[in-house]
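Presented below is the structure to which this report refers.
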Amino acid sequence: MNTISLIENYESGESLPQAFYTDKEIFEMDMKHIWQRYWLFAGVTADIPKKGDYFTYKVHHDSIIIIRDDQGGVTAHYNTCRHRGSLICTKEQGNAPKLMCPYHQWVYNKDGSLLKARHMPDDFDKSEFDLHPVHVRIVEGLIFISLADSPPDFEPVQAGFGPFLKPFKIPSAKVAAKKRYVLRTNWKLITENFRECYHCGAAHPEYCRAVVGANMKESADEELLQKQVEWSAKGLATKGIDFVDDSFHFAVRYPLRSHVESYSLDGKAVSVPMGDHQDYDAGVLGLVCYPNFWIDAVSDYVWTMRITPVSASKCYVDLSWLVDENAVEGKDYDVERLIEFWKVTGEQDWELCENNYSGIESSRYQPGPYAPSELDVVKFVDWYMGRLKEGIGG
Amino acid sequence: MNTISLIENYESGESLPQAFYTDKEIFEMDMKHIWQRYWLFAGVTADIPKKGDYFTYKVHHDSIIIIRDDQGGVTAHYNTCRHRGSLICTKEQGNAPKLMCPYHQWVYNKDGSLLKARHMPDDFDKSEFDLHPVHVRIVEGLIFISLADSPPDFEPVQAGFGPFLKPFKIPSAKVAAKKRYVLRTNWKLITENFRECYHCGAAHPEYCRAVVGANMKESADEELLQKQVEWSAKGLATKGIDFVDDSFHFAVRYPLRSHVESYSLDGKAVSVPMGDHQDYDAGVLGLVCYPNFWIDAVSDYVWTMRITPVSASKCYVDLSWLVDENAVEGKDYDVERLIEFWKVTGEQDWELCENNYSGIESSRYQPGPYAPSELDVVKFVDWYMGRLKEGIGG
Amino acid sequence: MNTISLIENYESGESLPQAFYTDKEIFEMDMKHIWQRYWLFAGVTADIPKKGDYFTYKVHHDSIIIIRDDQGGVTAHYNTCRHRGSLICTKEQGNAPKLMCPYHQWVYNKDGSLLKARHMPDDFDKSEFDLHPVHVRIVEGLIFISLADSPPDFEPVQAGFGPFLKPFKIPSAKVAAKKRYVLRTNWKLITENFRECYHCGAAHPEYCRAVVGANMKESADEELLQKQVEWSAKGLATKGIDFVDDSFHFAVRYPLRSHVESYSLDGKAVSVPMGDHQDYDAGVLGLVCYPNFWIDAVSDYVWTMRITPVSASKCYVDLSWLVDENAVEGKDYDVERLIEFWKVTGEQDWELCENNYSGIESSRYQPGPYAPSELDVVKFVDWYMGRLKEGIGG
Numbered sequence: 123m124n125t126i127s128l129i130e131n132y133e134s135g136e137s138l139p140q141a142f143y144t145d146k147e148i149f150e151m152d153m154k155h156i157w158q159r160y161w162l163f164a165g166v167t168a169d170i171p172k173k174g175d176y177f178t179y180k181v182h183h184d185s186i187i188i189i190r191d192d193q194g195g196v197t198a199h200y201n202t203c204r205h206r207g208s209l210i211c212t213k214e215q216g217n218a219p220k221l222m223c224p225y226h227q228w229v230y231n232k233d234g235s236l237l238k239a240r241h242m243p244d245d246f247d248k249s250e251f252d253l254h255p256v257h258v259r260i261v262e263g264l265i266f267i268s269l270a271d272s273p274p275d276f277e278p279v280q281a282g283f284g285p286f287l288k289p290f291k292i293p294s295a296k297v298a299a300k301k302r303y304v305l306r307t308n309w310k311l312i313t314e315n316f317r318e319c320y321h322c323g324a325a326h327p328e329y330c331r332a333v334v335g336a337n338m339k340e341s342a343d344e345e346l347l348q349k350q351v352e353w354s355a356k357g358l359a360t361k362g363i364d365f366v367d368d369s370f371h372f373a374v375r376y377p378l379r380s381h382v383e384s385y386s387l388d389g390k391a392v393s394v395p396m397g398d399h400q401d402y403d404a405g406v407l408g409l410v411c412y413p414n415f416w417i418d419a420v421s422d423y424v425w426t427m428r429i430t431p432v433s434a435s436k437c438y439v440d441l442s443w444l445v446d447e448n449a450v451e452g453k454d455y456d457v458e459r460l461i462e463f464w465k466v467t468g469e470q471d472w473e474l475c476e477n478n479y480s481g482i483e484s485s486r487y488q489p490g491p492y493a494p495s496e497l498d499v500v501k502f503v504d505w506y507m508g509r510l511k512e513g514i515g516g
Numbered sequence: 123m124n125t126i127s128l129i130e131n132y133e134s135g136e137s138l139p140q141a142f143y144t145d146k147e148i149f150e151m152d153m154k155h156i157w158q159r160y161w162l163f164a165g166v167t168a169d170i171p172k173k174g175d176y177f178t179y180k181v182h183h184d185s186i187i188i189i190r191d192d193q194g195g196v197t198a199h200y201n202t203c204r205h206r207g208s209l210i211c212t213k214e215q216g217n218a219p220k221l222m223c224p225y226h227q228w229v230y231n232k233d234g235s236l237l238k239a240r241h242m243p244d245d246f247d248k249s250e251f252d253l254h255p256v257h258v259r260i261v262e263g264l265i266f267i268s269l270a271d272s273p274p275d276f277e278p279v280q281a282g283f284g285p286f287l288k289p290f291k292i293p294s295a296k297v298a299a300k301k302r303y304v305l306r307t308n309w310k311l312i313t314e315n316f317r318e319c320y321h322c323g324a325a326h327p328e329y330c331r332a333v334v335g336a337n338m339k340e341s342a343d344e345e346l347l348q349k350q351v352e353w354s355a356k357g358l359a360t361k362g363i364d365f366v367d368d369s370f371h372f373a374v375r376y377p378l379r380s381h382v383e384s385y386s387l388d389g390k391a392v393s394v395p396m397g398d399h400q401d402y403d404a405g406v407l408g409l410v411c412y413p414n415f416w417i418d419a420v421s422d423y424v425w426t427m428r429i430t431p432v433s434a435s436k437c438y439v440d441l442s443w444l445v446d447e448n449a450v451e452g453k454d455y456d457v458e459r460l461i462e463f464w465k466v467t468g469e470q471d472w473e474l475c476e477n478n479y480s481g482i483e484s485s486r487y488q489p490g491p492y493a494p495s496e497l498d499v500v501k502f503v504d505w506y507m508g509r510l511k512e513g514i515g516g
Numbered sequence: 123m124n125t126i127s128l129i130e131n132y133e134s135g136e137s138l139p140q141a142f143y144t145d146k147e148i149f150e151m152d153m154k155h156i157w158q159r160y161w162l163f164a165g166v167t168a169d170i171p172k173k174g175d176y177f178t179y180k181v182h183h184d185s186i187i188i189i190r191d192d193q194g195g196v197t198a199h200y201n202t203c204r205h206r207g208s209l210i211c212t213k214e215q216g217n218a219p220k221l222m223c224p225y226h227q228w229v230y231n232k233d234g235s236l237l238k239a240r241h242m243p244d245d246f247d248k249s250e251f252d253l254h255p256v257h258v259r260i261v262e263g264l265i266f267i268s269l270a271d272s273p274p275d276f277e278p279v280q281a282g283f284g285p286f287l288k289p290f291k292i293p294s295a296k297v298a299a300k301k302r303y304v305l306r307t308n309w310k311l312i313t314e315n316f317r318e319c320y321h322c323g324a325a326h327p328e329y330c331r332a333v334v335g336a337n338m339k340e341s342a343d344e345e346l347l348q349k350q351v352e353w354s355a356k357g358l359a360t361k362g363i364d365f366v367d368d369s370f371h372f373a374v375r376y377p378l379r380s381h382v383e384s385y386s387l388d389g390k391a392v393s394v395p396m397g398d399h400q401d402y403d404a405g406v407l408g409l410v411c412y413p414n415f416w417i418d419a420v421s422d423y424v425w426t427m428r429i430t431p432v433s434a435s436k437c438y439v440d441l442s443w444l445v446d447e448n449a450v451e452g453k454d455y456d457v458e459r460l461i462e463f464w465k466v467t468g469e470q471d472w473e474l475c476e477n478n479y480s481g482i483e484s485s486r487y488q489p490g491p492y493a494p495s496e497l498d499v500v501k502f503v504d505w506y507m508g509r510l511k512e513g514i515g516g
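Residue numbers (the numbering used here), protein chains in the order written: chain A, 123 to 516; chain B, 123 to 516; chain C, 123 to 516.
Right under this line is the structure:
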């Protein structure tokens, strides 16, 4: 069956046919219709506090420069010089007063406009050679970019995420740790993994010790209702945002077990309460923005996840841990302790995602039925397939 | 010329056109018409003596679970869960009372039937989600599998190999050593290499010191006739099996030089006589089963070779050395001494096979004439081409 | 746009469309219409001084044997046995009285004729199984080969390079050092880099300290005219050879700064004057032969560069440093000091070439305008495109 037929004949409720995970052509469709169209989490403003601070983010073949401009804003541009195409920023992060190509020293302003091109003829019109711009949106210190000419509306995400994020004061937070994993899996399998807890009971003992109901053996409903009253009283946002129609963002707050203060192996806090939080009782804030963004935030730290596909069978997962701007390493937090919960839990997931991919490669793999507890996976997979259908004009 | 024409225009007697060694499309045809159809040597029952002992074998994209069942038999299944496709056994070998998927804990019996799928809806029909089965045949402790729906008849192989293998008592033998090589060559070049001794004189001095006639300078006929009488008297099978028509198995027994007891660098025995053998005078037993099986057995040990293609230009070769079940390491045999003959001789061959492949990649490579002493290579190549012709319906 | 359209619609003056740097199909066209047609620098005769000395050079899929024959000449043949295709010479260099295939010991003379094929039938006609020949031309100790059936005329190169090279006495020179770099870039970007000095001012401070005008801030014209008079008086060739029409070779001699004796970090000589040179005043001799040859020679050493594409995104660059035949290591020259200038300068270029490639991979890369100082790059790119046009019969 060819790709178009596969897309048109897709029926919801089962895992995707093999080609959607392994095929090169479909991977290119994923890139075109989703990754070069939707909003991608790139990083946090706390990583580029000063004018000219920049980092680069490579999505498929495109390296993007994300830089703090002179007005305190953030701009993003394709990292390819308009002269002969060289990378302009060759490091993963740095500071640049101007964006100067290392090859022939063409100089661009932080807004991408070409400032100077040495030895070009008199009739050379600089205004035609600005860097290609990339859309940027910032919501409470989280930087999202879109490579599309006309990206989808980001306003609902901004309005939805804002109230949840505000108390963490992410714009002034401290990036305490980062970690990159290279996974042999398809990017969708990571999102599928993170959208269900059917696997949690056996795979994530540490997670299940922290979160009521994660093991699917007990109900969290009663505790949730009680907590929501408490959270509201403290001014914390509680009303979750579900995926509806073609929306691509999601928010939820749920309680930790009583006596559990944070995502840690012993349940105790790992840093001082973050931002406006005064205690360790904010539960867990979970945010998702398709296709590459995930946050799990507890009272004392924010954990961000950025997924980046490299090929049908390869992904990067970049993690960062943010703590309060005034938290002092060695006194208020210890890096090893800060990261250990998600190091342990994440690595359990990466292994599952890689095994999932390897099994799907089998000639006898066939789509299987999602369990009722995997409803959110079905929603994601339907959203994904909707984007391909839209892309091929179906 | 396209692939179909290449196949149809093939004329016997010359090495294959380049594409049959290097082309991706033809490699996929090899997989489909030969590797996913014929019987593949997977391993020995001695490796999985107890109930639930298993090992996995990956052929192209398919990982296969081979497990000892509760009745002492062996079953094989595709290693892909019927839920969302994950690998079920993620290790190369182990023991499993039941086959439980590590992702969502679906549990299968050793016969592949789905025993338990947690949290599935009431109308879920377990009987529709058994693991996909793989055919298994065992001949004297050697496990063969076929990925075909209807594999070719294995009865002639079983009947043919049985009498030769019986005295070695392989089902209760001891696996004394294993070794894997990763080769940059096409799988067919390994079989071509092992089907002729035109190269032995210069390439294999150790082998030629052990085997009469290997150097093509002397005749082994007289010695063979004399030995056959002795072997028959001891009850050892002597009547070789040649490739005929489309058959895919072969057996031969030939003598070692007088005073040579075993395949060893000094010609002396390396372990106690194996199984029913009472002396070091059983000569060499050679068995072949296309496309991936080779055995060379002497009175005191059995050496097995399993070829596994990874791509047109890459193969694994897995070797194992079996000794008598009662042989004690350090007393009756020394591992280094046991493996050194085939380590030396095998590595000579791997290098030849890699050089052969590299030369064939040349734009000026063209099929060359096989020598009369390469008749068995011609037979293999003809068999191979017959399978492709059959596959394309020619 | 398809490849043919891209070629037909190409307009001079801008960097090439992305596909010419990154596309697999166009890479194969490069191989066919340029690398398997034009003259390739393979190495120097000084590397194979004795009868039977040989080295191998791999161009795309073809390994070539270049060997010193019994008459003192040099022959070249495809390194693929006419029997079953094996590599004949498996090492990068060595000595062989005859060319004997290691597989079945077919023996070829140094002129490629088949001398002996063991055990072949009586009616086997040896004369039909000579090695496939490769064209060879030698100019003053530099070995060029062509894989074409009818290569372009080499006479102009020979006549043009001869007078420039003669004083260096390269045939008897000493190969003092070699170095290989593996670059993630397209081969054309290396030539583009070496055909302009627009980038030198910022990228090559050491080079600019040695060469007048390299920084584009000062004119070298007056000094050149003065030097040309002196060089002519010493009998050194001074009249440069420019690229004209479809020609593929180039020569130039230009002065070092006054008081600079050699390409070295301190400007002092690094070895004794080479060959017929009596002082350190010969300036710099630059020779280019498309697609893979570059020489920079100063009074005391010759630096050669050989470019070899492996794929659209990968190249080898092989460098060698030649000194006078009588120069003694440790006394007349020190290897570290000999190579440091081009190690530093070359590595600056390799980094620029790799960054250039990475930026060109961007989906937003588009051809940009070459500067007036990049006129020689335009000439190269036009020559390149002309070859593709010719190749497709356009």
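By construction, the Cβ of each residue, glycine as well, lies at the ideal position given by its N, Cα and C atoms.
Figure out for me which residue from C/S249, C/H371, C/P491, C/N201 has the closest Cα to the Cα of C/F177.
Comparing Cα-Cα distances from C/F177 to each of C/S249, C/H371, C/P491, C/N201, the minimum goes to C/N201.
With a threshold of 16 other CB atoms inside 10 Å of the CB of A/H381, please say whether the residue is buried or exposed.
Looking at its Cβ environment, which holds fewer than 16 other Cβ atoms inside 10 Å, A/H381 is exposed.
Only counting the same chain, and skipping five residues up and downstream in sequence, which positions put a Cβ closer than 8 Å to that of A/G284?
Closer than 8 Å at the Cβ level, and outside the excluded window around A/G284, lie V261, E262.
With distance defined between alpha-carbon atoms, name the residue in A/V439, A/A355, A/Q488 nearest to A/W472.
For A/W472, the nearest C-alpha among the options comes from A/V439.
With a threshold of 8 Å between beta-carbons, can B/E277 be considered close to chain C, or not?
No, no contact with chain C.
Would you report the Cα separation of A/W309 and A/F463, rounded to the nearest angstrom?
Distance between the alpha carbons of A/W309 and A/F463 is about 22 Å.
Heavy atom of the ligand GTP less than 7 Å from the Cβ of A/S294, yes or no?
You won't find the ligand GTP in this model; it holds no ligand whatsoever.
Would B/P431 pass as an interface residue toward chain A - the criterion being a Cβ-Cβ separation below 8 Å?
False, the Cβ-Cβ gap to chain A never drops below 8 Å.
Rounded to whole angstroms, what's the CA-CA distance from B/Q280 to B/M153? Just pull it up for me.
Taking the straight line from one Cα to the other gives about 24 Å.
Leaving aside the five residues before and after B/K220 along the sequence, list all residues of the same chain whose C-beta is less than 6 Å from its C-beta, in chain order.
Answer for B/K220: V229, listed in chain order.
How about B/T430 and B/L441: do their beta carbons lie closer than 8 Å?
Against a cut-off of 8 Å, the Cβ pair of B/L441 and B/T430 comes out as no contact.
Whole-angstrom Cβ separation of C/Y376 and C/E496, contact assumed at under 8 Å?
Incorrect: roughly 18 Å between the Cβ atoms, too far for contact.
State the Cα-Cα distance for the pair B/Y160 and B/I126, rounded to the nearest angstrom.
For B/Y160 and B/I126, the distance between alpha carbons rounds to 22 Å.
Could you give the C-beta distance for B/I210 and B/I187, rounded to a whole number, given that I count them as a contact under 8 Å?
The pair is a contact, with the Cβ atoms about 7 Å apart (cut-off 8 Å).
Relative to the C-alpha of B/F415, which candidate in B/S134, B/L162, B/V406 has its C-alpha closest?
Residue B/L162 is the option with its Cα nearest to B/F415.
Kindly list the residues whose CB is nearer than 7 Å to the CB of A/I148, restricted to its own chain and excluding five residues on each side of it in sequence; keep chain order.
If we look at A/I148 and ignore the five residues flanking it on each side, its Cβ neighbours are T125, A141, F142.
If the cut-off is 7 Å on Cβ atoms, which residues from the segment 454-478 of chain C count as contacting chain A, listed in chain order?
Those would be L474, N477, N478, in chain order.
Checking contacts by CB at 8 Å: is C/I482 closer than that to chain A?
Yes, contact with chain A.
Could you tell me which chain B residues have their CB closer than 8 Å to the CB of A/G490, listed as they occur along the chain?
Chain B residues near A/G490: C203, R204, H205, R206, G207, F251.
What separation, rounded to the nearest whole angstrom, lies between the Cα atoms of B/R302 and B/G165?
Looking at the two C-alpha atoms, the distance is approximately 13 Å.
Run the CB neighbour count on B/G405, radius 10 Å, all protein chains shown included, and call it buried at 16 or more, exposed below.
Buried, since its Cβ has 16 or more Cβ neighbours within 10 Å.
C/H155 by DSSP, collapsed to three states: which one?
Of the three classes helix, strand and coil, the one that applies to C/H155 here is helix, per DSSP.
Using a Cβ-Cβ distance cut-off of 8 Å, determine whether A/A324 contacts chain B.
It does; some Cβ of chain B falls within 8 Å.
Between the alpha carbons of B/I363 and A/T467, how many angstroms are there, rounded?
Cα to Cα, the separation comes out at about 58 Å.
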